[in-house]
Amino acid sequence: MIAHNLSRVKEQIALACLKAGRSPDEIRLVAVAKGRTCAQVEEASAAGITDIGENRVQEAVLKYSAEALACGLRRVKWHMVGRLQTNKAKVAVKIFDLIHSVDSLRLAEAISKEAGKINKFQDILLEVKTSPEETKTGLNPEDTLEVFKEISQLPNISIKGLMTIAPFTDNPEGSRLYFKTLRKLSEKIDWKPVTGDPGSILSMGMSNDFEVAIEEGSTMLRLGRAIFER
Ligand SMILES: *Cc1c(COP(=O)(O)O)cnc(C)c1O
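This is the structure we're talking about:
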């Protein structure tokens with residue numbers, strides 16, 4: 214089933230890219246596996262998924278553990294897409310290739326410190342709150358440039374781009390404004406000195422709105438239901 218879903222998703226991505234005049238090679242797909250079993254993750258990996266996302270450290274630890282090793286999951290890259298508490302930074306740097314949800318200098322400092330202890334340069338994204346919803350986490354767009362500058366001074370962190378979560382809506386068009394806001398913000402940042410190339414990651418788009426996200430410049434989609442459910 215996962216393989217079937219994946220091929221359908223890839224067709225949809227290709228179509229959205231065609232419409233937007235972009236190449237599907239520009240887009241990385243992260244399969245968000247929260248609430249899914251180790252076996253499901255393995256099935257996704259067997260179907261060609263190379264990037265797995267989790268939103269809770271505890272759950273990621275379980276899947277990344279010795280058991281997960283038996284499933285052969287070490288071949289995939291691990292992404293933290295959910296809220297990260299400062300006291301979980303130590304575990305997070307051991308597991309994750311990319312942390313999408315950094316939204317404060319304090320959290321970034323904890324990550325950099327723990328990464329330093331294991332001689333790692335931790336790749337991160339800054340999470341931006343592009344919608345006014347009270348419940349959403351993330352930096353205020355107007356604070357982002359300042360926080361970006363502060364975090365880029367930290368020794369063991371490497372900022373690779375920006376991430377946002379649009380409020381859930383049945384109408385994907387409802388997300389467009391938020392994706393646009395993130396892209397415009399990213400265009401204000403001089404990425405070259407930080408990432409080594411002018412481009413940056415834009416992590417935006419979930420199962421309900423990824424086609425709109427592609428039109429608005431997403432380079433990293435985080436898909437859960439579209440991959441794991443029919
Ligand atoms: C769950 C989750 C996703 C995937 O959501 P779907 O709607 O299942 O595609 C993406 N990003 C984050 C931060 C999530 O928590």
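Last residue of the sequence shown: number 443 in the numbering used here, and the count goes up by one each step with no gaps. We put the beta carbon where it would ideally sit given N, CA and C, even for glycine.
Assign residue i to one of two classes, buried (16 or more other C-beta atoms within 10 Å of its C-beta) or exposed (fewer than that).
i, result
"Gln335", "buried"
"Ser399", "buried"
"Phe381", "exposed"
"Thr464", "Coverage of the chain is limited to positions 214 through 443, which leaves residue 464 absent and any answer about it impossible."
"Gly437", "buried"
"Ser236", "exposed"
"Glu363", "exposed"
"Leu231", "exposed"
"Glu424", "buried"
"Leu395", "buried"
"Glu256", "buried"
"Ala292", "The sequence given here places His at residue 292; Ala does not occur at that position. Buried, since its Cβ has 16 or more Cβ neighbours within 10 Å."
"Gly418", "buried"
Would you call the CB atoms of residue i and residue j closer than 8 Å?
i, j, result
"Leu242", "Leu434", "yes"
"Ile265", "Ala252", "no"
"Ile262", "Leu228", "no"
"Leu297", "Val270", "yes"
"Ala302", "Glu327", "yes"
"Val278", "Val294", "The identity of residue 278 in the sequence shown is Ser, whereas the question assumes Val. No, they are not a contact pair."
"Ile226", "Ile427", "yes"
"Leu339", "Phe309", "no"
"Tyr306", "Lys333", "For the record, residue 306 in the displayed sequence is Val; it is not Tyr. Contact flag set, yes."
"Val254", "Lys223", "no"
"Glu429", "Lys405", "no"
"Lys260", "Ile215", "For the sequence presented, residue 260 should be read as Ala rather than Lys. Yes, they are a contact pair."
"Arg288", "Ser258", "yes"
"Arg319", "Thr299", "yes"
"Glu165", "Thr432", "Nothing in the structure corresponds to residue 165, since the chain is present only between 214 and 443."
"Ser388", "Asp356", "no"
"Ala439", "Ser420", "yes"
"Asp316", "Leu358", "no"
Note the first and the last residue of the continuous beta strand (DSSP E) segment covering residue i.
i, result
"Asp403", "No beta strand (DSSP E) contains Asp403, which DSSP labels as neither H nor E."
"Ala260", "No beta strand (DSSP E) holds Ala260; DSSP gives it neither H nor E."
"Arg435", "Met433 to Leu436"
"Glu340", "Gln335 to Glu340"
"Ile370", "Ile370 to Met376"
What residue does the alpha helix (DSSP H) around residue i start on, and which one ends it?
i, result
"Gly351", "Careful: Gly351 lies outside any alpha helix (DSSP H) and carries neither H nor E."
"Ala302", "Ala302 to Ile308"
"Gly329", "Leu318 to Lys330"
"Leu219", "Ile215 to Ala233"
"Glu424", "Phe423 to Glu428"
DSSP has residue i in a bridge; who is on the other side?
i, result
"Ile312", "Met293 and Ile337"
"Val266", "According to the sequence provided, residue 266 is Gly. The question's Val does not apply to it. In DSSP, Gly266 forms a bridge with Val245 and His292."
"Leu415", "Leu375"
Any 3 or more C-beta pairs closer than 8 Å across the region 343-354 and the region 365-373:
no
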